[in-house]
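Colleague: Heads up, the sequence shown is in this note's numbering, so the first residue is 3 and it goes up one at a time.
Take a look at this one; I'll ask things after.
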Amino acid sequence: GGLDKVVTFVALLGACDLKLAVLHDYRGAPEQKLIDLVKQKMISAKAVLNASQFCDLANIGNASKAADTEDLFPSNIYVDRFNQTFSKILGGKTVVASELPPGDRIIDRLERHIEAKGLKIRPSGGFNHYAVASNFASNPPTSLDNDTLKRFEALFKHVNALF
Numbered sequence: 003g004g005l006d007k008v009v010t011f012v013a014l015l016g017a018c019d020l021k022l023a024v025l026h027d028y029r030g031a032p033e034q035k036l037i038d039l040v041k042q043k044m045i046s047a048k049a050v051l052n053a054s055q056f057c058d059l060a061n062i063g064n065a066s067k068a069a070d071t072e073d074l075f076p077s078n079i080y081v082d083r084f085n086q087t088f089s090k091i092l093g094g095k096t097v098v099a100s101e102l103p104p105g106d107r108i109i110d111r112l113e114r115h116i117e118a119k120g121l122k123i124r125p126s127g128g129f130n131h132y133a134v135a136s137n138f139a140s141n142p143p144t145s146l147d148n149d150t151l152k153r154f155e156a157l158f159k160h161v162n163a164l165f
């Protein structure tokens with residue numbers, strides 16, 4: 003449900019003395035809601051992580067440019083899951099990763115592509131990111147490339163080092 007729900011979950015789960023870390027999408031600047039959680043001592047600043055910190059293998063741990071959690075995966079894998087998720091709506095059409103407009107964030111690139119091609123995935127425009135995430139979780143890839151494995155290894159090492 004996005005950052006709006008993070009505050010609630012941190013409050014609920016933190017009250018149970020659970021060790022928490024937050025991984026969030028990064029718009030290129032700190033999120034005020036997360037800054038407020040840290041100021042209120044509901045979560046440690048070091049436990050607030052963003053996707054950008056793990057996208058660039060040469061700069062692990064440092065936020066650089068806007069990135070979503072989906073950007074931890076290669077574009078072609080995410081686009082494949084997008085195509086699987088919305089195959090009925092796409093009516094036999096498929097989106098090809100190499101045909102997406104340039105950019106850093108796969109979600110943004112897909113949304114611009116959908117709009118440019120006049121594809122109607124949902125009436126309000128864009129697409130339901132959670133549907134793709136659900137597909138991904140229900141049908142995980144059988145293998146991932148080395149760079150993706152390194153990204154997730156760095157992420158999990160970082161989280162494990164927090165506690």
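Ideal placement from N, C-alpha and C gives every residue a C-beta, glycine not left out.
If you count every other CB in all the chains shown that lies within 10 Å of the CB of E101, and 16 or more means buried, which is it?
Modeller: exposed
Colleague: DSSP three-state label for N52, please.
Modeller: strand
Colleague: Taking the continuous beta strand (DSSP E) assigned at L25, which residues delimit it?
Modeller: 24 to 26
Colleague: Since I believe T150 is in contact with F84 (beta carbons under 8 Å), could you give me their beta-carbon distance rounded to a whole number of angstroms?
Modeller: 17 Å between Cβ atoms; not a contact.
Colleague: Based on Cα-Cα distance, which residue from I91, N78, A99, D106 lies nearest to S54?
Modeller: D106
Colleague: How big is the Cα-Cα spacing for D27 and P143?
Modeller: 22 Å
Colleague: With 16 other CB atoms within 10 Å as the buried threshold, where does C57 fall?
Modeller: buried
Colleague: According to DSSP, which residues form a beta bridge with A65?
Modeller: None, per the DSSP bridge assignment.
Colleague: Can you list, in chain order, the residues of its chain whose CB lies under 6 Å from that of L36, leaving out five sequence neighbours each side?
Modeller: V50
Colleague: Kindly indicate the opening and closing residues of the alpha helix (DSSP H) around A163.
Modeller: First-last of the alpha helix (DSSP H) with A163: 148 to 164.
Colleague: Excluding sequence positions up to five away, which residues of its chain have a Cβ less than 8 Å from the Cβ of V12?
Modeller: If the five residues before and after V12 are omitted, its C-beta is found closer than 8 Å to the C-beta atoms of L22, V24, L39, M44, I45, all from its own chain and listed in chain order.
Colleague: State the CB to CB distance for the pair G128 and E113, rounded to an integer number of angstroms; the pair is presumed to be in contact (CB under 8 Å).
Modeller: With 8 Å as the limit, G128 and E113 qualify as a contact, their Cβ atoms being about 5 Å apart.
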